[in-house]
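Peer 1: Protein chains in written order, with the working numbering: chain E, 1 to 452; chain W, 1001 to 1303; chain C, 2001 to 2323.
Where is the CB? At the ideal position from N, CA and C, for every residue including glycine.
This is the structure I want to talk about, given as structure tokens.
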């Protein structure tokens, strides 16, 4: 027995050793190669403004929060790029923005291209060299700044800019706080001020507003948009920018007033189904009641992307005939032109020929027209004037008429603050009488969250 | 005393059943009705929710937000495979399923092998420090995984393993071993020592005692624990989410959870995904549940 | 897909070879040593992988986490007890603590008592194995899938609208208004705890059931004939005899209650005051990115289980003494 074992065990020992060596070298890990310095001073051959410039081949990893229809559209945008350059684009849908942050903190592999982090992380990441500057890799940086809509105001400086270098590239946009309505139900003249909005009489059995803020772990975000829109047009951009940058308190009178005004939308009297319904209805489905028979509500405050979801429930709706929007109502004529904007953006994390090719393609009017043609969005490139339907045409005019485009405050707060904001809103909707204590709690968190 | 009472009772019962069998039977069933009813209600509570999800996975998305799943049981019931088609086309779902397999099987195998060896050693070998090491293992049974997340995550990052299968295999093995070692040691030590002693007399060494006697005799426990470990890893969310969050290697549980956030309120889209995630463990479980029950009885009666 | 195929091949070939190879290689090494030393050395080789893994993945990280809990957000400076202070003064974390206590009491109690009652009840019918299977069925379902299942059960539509959620439809039949189960303070924690019980009860039931069957039927019959009611039989005979089993299950369920994460994370993400300690830790780690606070939460969890630690070790000592 012993003799057989010794021969067998010798062979096995050799086998074990070789497998261990093989596994250590090849298998085991399945992640892509770590970020690497560019092989060649790439992109030189790319023709400015047009497509990616010739075959490049290879692979590119990209993270995006888009899923479902939005992702399909993005694939369409990528098709010409893929055909022209032969680059294989590997997309992972990552809704949880914290993931990217974890990887950066842990120093692990980053995707080649992904969305930007929240504003508070940008200085740190640019310093670490984690994000690559547009000036370095765009072949026609001047063209880009020229063609893209004016940058957003970030307490005085453009967003995504550190030490004069730009890190975020904007590809498509949405505006928020539009009051959507069913054109067959609401036929009067569109109200212009908030008081006029509140004076609108819903048909019997219906309530004035619909709202829905459920969104899994991110529940509450649609409400943050509403409050931000109210705050900026009610009290101005100064206080708005100070507030989300952590310089103005949550309990300050302007912020409190904005909350209270929002409370009018989601009160038992004004919202379909009462607060409980707001809390348990997903934002995608809340607009259904506009088109139900009989309708449950008259107005739905949401961004430009919401028609996509109307069509999911009622595929035969037509823009203008069936759905349209009222421009964000005025609170104080001084602040009327302030608009809350949302940019979809990309940042390059690994400088490779493939990622350069992609970034140089994405800002062009050609690429963005595909986004726009699919409907449900506006473009970052100002040369786009053709929109698939009159509703979006109208929206793009609202954008052009805006005096200042303001960034989504909650998206740019530190993660801790944002989460507290979401949870605070949920509690507020559930019980509006708790407002003071909710704001006080948020103040406490503000004190420590921004001190990084 | 008890014996006499018992006799009398038997006589009584016989006398009764002779005279009115039918009415007694009806009476007995009637008396037992609450018991049966309670049991049926309990079974319903445990079966209906899962059944509801299952039915919903075959309905169109619009239908789900308009009426409850039970309406699909009666005509007109528009059942469709729409959800399944959509979910299989959704980024990451099919891949997640494969990843779950790749993660679960090796991690299970490694754990069981190491734990059986260690369990045998703790049960039947004498060595200084045996109690010490085993007490450490017993202590580790209660340590929450959360205590280890930060350092292990950093460790993986430092060694470049973050997001890889190897990392998750090692992590699952590391986390599972204390419990498995504890169970196998209990199973092994519950075996009669005579069996081992007579084998020793016949000249067997530890390796042979382990391989030829110990292991075969605890097969029910091994089977049960293996199933248990397999299910635990297949269904794990926390470990995979933390160490593999956005890696393309992430398993189905993570994919589904991330889809939840991505679709926000679109739970309806996830019925098919959830069914897919549940299908394999349910199949494994139903097929092997006899072994599982037997194994638990064998090991658990020991307390 | 390519690199995964390599992984799979490496795993299928490599792992068995490594495992079996370890045993054989160590035996080989041992046989080199003098006869006398062999049996002294072998045990260490056998327990080495288990102990090594446990040390690397549990012991060392635990010590590390304890140290981290006294440091700041990015583990760059010592801040003493600041993180613990935060934990015990911040309303969110205190709320999570309160909820974890609720889980501890009601989840454990529900599973153990429920498991006992069901085991006793099912014992009386002929279709027992079918009934047990039904209760056992949620066991292989992941918490994520279970949460989706219950999401449909808890669904809420405004009053007057058609109810799509099973529970609201059922209570609607008797005219009770729809309840937003996961939102209302009175129902949200109980709802989550119930989902937890729903998934774990089968496990407890099976173990209790097999212990129950080990009780001699004569003992039970005798008591019944003596005039004892079912409740008395349960209280005076069954429970005392099952006490060791019930203790084991209780300690396991207490640990589960403290570690609960998936159910809360998926169903409510901790909103409306349903958050628990384990999910607080996850939020601190991945949301706020505060390593110090996340570690402090971990340490608090550990402290919470120390009583169980003591119980476990005592039981082990007692069992060892009997061998």
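Alpha carbons only, please: which of E:371, E:275 and E:171 is nearest the one belonging to residue 148 (chain E)?
Peer 2: Within the first chain, the letter at position 148 stands for residue 148 (chain E). Out of E:371, E:275 and E:171, E:171 has the C-alpha closest to the C-alpha of residue 148 (chain E).
Peer 1: Using 8 Å as the limit for Cβ to Cβ distance, is residue 2269 (chain C) near chain E?
Peer 2: Locating residue 2269 (chain C) in the third chain gives position 269, counting from the first residue. Yes, residue 2269 (chain C) counts as interfacial toward chain E.
Peer 1: Quick one: give me the first and last residue of the beta strand (DSSP E) that residue 300 (chain E) is part of.
Peer 2: Along the first chain, one-based indexing puts residue 300 (chain E) at 300. Per DSSP, residue 300 (chain E) belongs to the beta strand (DSSP E) from 297-302.
Peer 1: Going straight from the alpha carbon of residue 456 (chain E) to that of residue 226 (chain E), what length do you get?
Peer 2: Residue 456 (chain E) lies beyond the residue range present for chain E, which begins at 1 and ends at 452; the question has no answer from this structure.
Peer 1: Hey, does residue 46 (chain E) have any beta-carbon neighbour from chain W nearer than 8 Å?
Peer 2: Within the first chain, the letter at position 46 stands for residue 46 (chain E). With a pLDDT of only 33 at residue 46 (chain E), under the threshold of 50, the placement of this residue in the model should not be trusted; the figure read from the coordinates follows. Chain W contact via Cβ: absent.
Peer 1: With a CB to CB cut of under 8 Å and the five nearest residues on each side skipped, what residues in its chain are close to residue 2313 (chain C)?
Peer 2: Taking the third chain and counting its residues from 1, the one referred to as residue 2313 (chain C) is at position 313. The same chain holds no residue with a CB closer than 8 Å to that of residue 2313 (chain C) once the five nearest residues on each side in sequence are set aside.
Peer 1: Taking its Cβ as the centre, do 16 or more other Cβ atoms sit within 10 Å of residue 1037 (chain W), making it buried, or is it exposed?
Peer 2: Here residue 1037 (chain W) is taken as the residue at index 37 of the second chain, counted from 1. Residue 1037 (chain W) is exposed by the Cβ-count criterion.
Peer 1: Tell me which same chain residues have a C-beta within less than 7 Å of the C-beta of residue 49 (chain E), skipping the five on either side of it?
Peer 2: Walking along the first chain from the start, residue 49 (chain E) turns up at place 49. In this prediction, residue 49 (chain E) has a pLDDT of 37, which is less than 50 and means its spatial position is unreliable; nothing more can be read from the coordinates.
Peer 1: Is residue 185 (chain E) helix, strand or coil when you go by DSSP?
Peer 2: Position 185 of the first chain, counting from 1, holds the residue named residue 185 (chain E). The answer is coil: DSSP assigns residue 185 (chain E) none of H, G, I, E or B.
Peer 1: Could you tell me whether the region 2258-2277 of chain C touches the region 2183-2193 of chain C, where touching means 3 or more Cβ pairs closer than 8 Å?
Peer 2: yes
Peer 1: Got a sec, what are the start and stop residues for the alpha helix (DSSP H) residue 256 (chain E) sits in?
Peer 2: Within the first chain, residue 256 (chain E) is the residue found at index 256, counting from 1. Taken as a continuous stretch (DSSP letters only), the alpha helix (DSSP H) holding residue 256 (chain E) covers 253-265.
Peer 1: Using the Cβ count rule (16 or more neighbours within 10 Å means buried), how would you classify residue 47 (chain E)?
Peer 2: Position 47 of the first chain, counting from 1, holds the residue named residue 47 (chain E). Reliability fails at residue 47 (chain E), whose pLDDT of 33 lies under 50, so the model's placement of it is uncertain and the value that follows must be treated cautiously. Per the 10 Å Cβ criterion, exposed.
Peer 1: For residue 63 (chain E), which residues does DSSP report across the bridge?
Peer 2: Counting from one through the first chain, the residue named residue 63 (chain E) turns up at place 63. According to DSSP, residue 63 (chain E) bridges with E:92.
Peer 1: At a Cβ threshold of 8 Å, is residue 2084 (chain C) touching chain E?
Peer 2: What you label residue 2084 (chain C) is simply residue 84 of the third chain in a count that begins at 1. Chain E contact via Cβ: absent.
Peer 1: When you check each C-beta in the region 208-219 of chain E against every C-beta of chain C, which residues fall closer than 9 Å?
Peer 2: 216, 217, 218 and 219
Peer 1: Would you list, in sequence order, the uninterrupted beta strand (DSSP E) runs of no fewer than 3 residues that lie entirely inside the region 2173-2238 of chain C?
Peer 2: Whole beta strand (DSSP E) segments, 3+ residues: zero.
Peer 1: By alpha-carbon positions, which one of C:2300, C:2149, C:2316 and C:2307 ends up nearest to residue 2093 (chain C)?
Peer 2: Numbered from its first residue, the third chain carries residue 2093 (chain C) at position 93. Residue C:2300 is the option with its Cα nearest to residue 2093 (chain C).
Peer 1: Looking at the unbroken alpha helix (DSSP H) that takes in residue 1313 (chain W), where does it start and where does it end?
Peer 2: One cannot answer for residue 1313 (chain W) here, as it falls past the ends of chain W, which runs 1001 to 1303.
Peer 1: Excluding the five sequence neighbours on either side, which residues of its own chain have a C-beta within less than 6 Å of the C-beta of residue 2042 (chain C), listed in chain order?
Peer 2: Stepping through the third chain from its first residue, residue 2042 (chain C) is reached at position 42. Around residue 2042 (chain C): 2030.
Peer 1: Can you name the residues of chain W whose CB is closer than 8 Å to the CB of residue 2098 (chain C)?
Peer 2: As a working mapping, residue 2098 (chain C) is identified with position 98 in the third chain. Result: empty, since nearest Cβ-Cβ is about 18 Å, beyond 8 Å.
Peer 1: Using DSSP with H/G/I as helix, E/B as strand and the rest coil, what is residue 125 (chain E)?
Peer 2: As a working note, residue 125 (chain E) is residue 125 in the first chain. Of the three classes helix, strand and coil, the one that applies to residue 125 (chain E) here is helix, per DSSP.
Peer 1: To the nearest angstrom, report how far apart residue 25 (chain E) and residue 1110 (chain W) are at their CA atoms.
Peer 2: What you label residue 25 (chain E) is simply residue 25 of the first chain in a count that begins at 1. What you label residue 1110 (chain W) is simply residue 110 of the second chain in a count that begins at 1. Here residue 25 (chain E) scores only 31 on pLDDT, less than 50, and its place in the model should not be relied on; the value that follows carries that caveat. Cα-Cα distance, rounded: 21 Å.
Peer 1: Can you give me, in chain order, the residues of the region 2186-2200 of chain C that have a beta carbon less than 7 Å from any beta carbon in chain E?
Peer 2: none
Peer 1: Could you have a look at residue 2072 (chain C) and say whether DSSP puts it in helix, strand or coil?
Peer 2: Translated into the one-based positions of the third chain, residue 2072 (chain C) becomes position 72. Coil at residue 2072 (chain C), not helix or strand.
Peer 1: Tell me the start and end of each unbroken beta strand (DSSP E) in the region 196-247 of chain E that is at least 3 residues and wholly inside, in chain order.
Peer 2: 207-210
Peer 1: So what does DSSP say about residue 268 (chain E), is it helix, strand or coil?
Peer 2: Residue 268 (chain E) sits at position 268 when you count from the first residue of the first chain. It is coil, neither helix nor strand.
Peer 1: Where does the unbroken alpha helix (DSSP H) through residue 344 (chain E) begin, and where does it stop?
Peer 2: As a working mapping, residue 344 (chain E) is identified with position 344 in the first chain. Where residue 344 (chain E) is concerned, there is no enclosing alpha helix (DSSP H), although the beta strand (DSSP E) it sits in stretches over 338-348.
Peer 1: Of the choices W:1140, W:1223, W:1158 and W:1244, whose alpha-carbon is the least far from that of residue 454 (chain E)?
Peer 2: Residue 454 (chain E) falls outside the range modelled here, since chain E spans only 1 to 452, and no answer is possible.
Peer 1: By how many angstroms is the C-alpha of residue 2059 (chain C) removed from the C-alpha of residue 1074 (chain W)?
Peer 2: Taking the first residue of the second chain as position 1, residue 1074 (chain W) is located at position 74. Taking the first residue of the third chain as position 1, residue 2059 (chain C) is located at position 59. About 57 Å.
Peer 1: Compare the C-alpha of residue 2107 (chain C) against each of C:2320, C:2258, C:2262 and C:2212 and name the closest.
Peer 2: Translated into positions along the third chain, residue 2107 (chain C) becomes position 107. Ranking the options by Cα distance to residue 2107 (chain C), first place goes to C:2258.
Peer 1: List the residues of chain C whose Cβ lies closer than 9 Å to the Cβ of residue 272 (chain E), in chain order.
Peer 2: Indexing the first chain from 1 puts residue 272 (chain E) at position 272. Within 9 Å Cβ-Cβ: 2158.
Peer 1: Just mark residue 301 (chain E) as buried or exposed, buried being the case when its beta carbon has 16 or more other beta carbons within 10 Å.
Peer 2: Within the first chain, the letter at position 301 stands for residue 301 (chain E). Counting Cβ neighbours within 10 Å, residue 301 (chain E) comes out buried, since at least 16 surround it.
Peer 1: Determine the extent of the alpha helix (DSSP H) in which residue 368 (chain E) is found, giving its start and end residues.
Peer 2: Here residue 368 (chain E) refers to the residue found at position 368 of the first chain. Run containing residue 368 (chain E): 365-373, per the alpha helix (DSSP H) assignment.
Peer 1: Residue range of the beta strand (DSSP E) that residue 386 (chain E) falls in?
Peer 2: Residue numbering aside, residue 386 (chain E) sits at position 386 when the first chain is read from its first letter. From DSSP, residue 386 (chain E) is part of no beta strand (DSSP E); its letter is neither H nor E.
Peer 1: Show which residues of chain W have a CB atom less than 9 Å away from the CB atom of residue 418 (chain E).
Peer 2: Indexing the first chain from 1 puts residue 418 (chain E) at position 418. Chain W residues near residue 418 (chain E): none, gap ~14 Å exceeds 9 Å.
Peer 1: Listing by chain order, which chain W residues have their CB less than 7 Å from the CB of residue 313 (chain E)?
Peer 2: Taking the first residue of the first chain as 1, we reach residue 313 (chain E) at position 313. Near residue 313 (chain E) (Cβ distances below 7 Å), the residues of chain W are 1062.
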